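Data block below; observations after.
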């Protein structure tokens, strides 16, 4: 089975915010663990989620992991993004039509309460000491 990933950012009028999400997708792809990786955005930036899904599906993948590049769980991660995927509330996987194909999509959790985030914050504090 060929996998792919769609990293979904919120979207912003500020170009550097878009660039951060695109850079994250490129770093994930460089790891060569997850197959083809692209970025998409919930609003304000392109590509939008349906376009991003179609682009990843066009690479011939059978399974797309959609991972929100969000720090916390909220309405966007629990309702808005799953809604764009055609998922019902609480649904985390299913078949989705994208780019003229039907692919399996698995929706991932946002970063949340991951202890590794505290390490990043600690590094930022130490850098200013």
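Numbering (my numbering), first residue to last: 33 to 161. C-beta: ideal position from N, C-alpha, C; glycine also. Just so it is clear, the structure is predicted and the values come from calculations on it, not from any experiment.
Just to confirm before moving on: does the CB-CB distance between residue 40 and residue 72 stay below 8 Å? For the purposes of this step, residue 40 is identified with residue 8 of the chain shown, where counting begins at 1. For the purposes of this step, residue 72 is identified with residue 40 of the chain shown, where counting begins at 1. Contact check for residue 40 against residue 72 passes: the beta carbons are separated by less than 8 Å.
Is residue 158 buried or exposed, if buried means 16 or more other CB atoms sit within 10 Å of its CB? Numbered from its first residue, the chain shown carries residue 158 at position 126. Result: exposed.
So, are the CB atoms of residue 147 and residue 100 less than 8 Å apart? Position 115 of the chain shown holds residue 147. Position 68 of the chain shown holds residue 100. Result no, Cβ atoms of residue 147 and residue 100 do not sit closer than 8 Å.
Work out the CA separation of residue 116 and residue 70 for me, nearest whole Å. By 1-based counting over the chain shown, the position of residue 70 is 38. By 1-based counting over the chain shown, the position of residue 116 is 84. Just so you know, the alpha carbons of residue 70 and residue 116 end up roughly 17 Å apart.
Candidates 53, 124, 87, 132: closest to residue 77 by CA position: As a first step, residue 77 must be located in the chain shown, where it is residue number 45. It is 53.
Would you check if the region 106 to 126 and the region 53 to 63 touch, i.e. whether three or more CB-CB distances between them fall below 8 Å? The region 53 to 63 vs the region 106 to 126: no contact.
Quick one, which of 47, 129, 68, 84 has its alpha-carbon nearest residue 93's? In the chain shown, counting from the first residue as 1, residue 93 sits at position 61. Among 47, 129, 68, 84, the Cα nearest to that of residue 93 belongs to 68.
With H, G and I counted as helix, E and B as strand and the rest as coil, what does DSSP make of residue 80? Locating residue 80 in the chain shown gives position 48, where the first residue counts as 1. When secondary structure is reduced to three states using DSSP, residue 80 falls in the strand class.
Counting C-beta neighbours from all protein chains within 10 Å, is the total for residue 144 16 or more, i.e. buried, or is it exposed? Sequence index remark: in the chain shown, residue 144 carries index 112 (1-based). Its Cβ having fewer than 16 others within 10 Å, residue 144 is exposed.
Could you round the C-beta distance between residue 27 and residue 113 to whole angstroms and report it? I think they count as a contact, below 8 Å. This structure leaves residue 27 out entirely; the chain is present only between 33 and 161.
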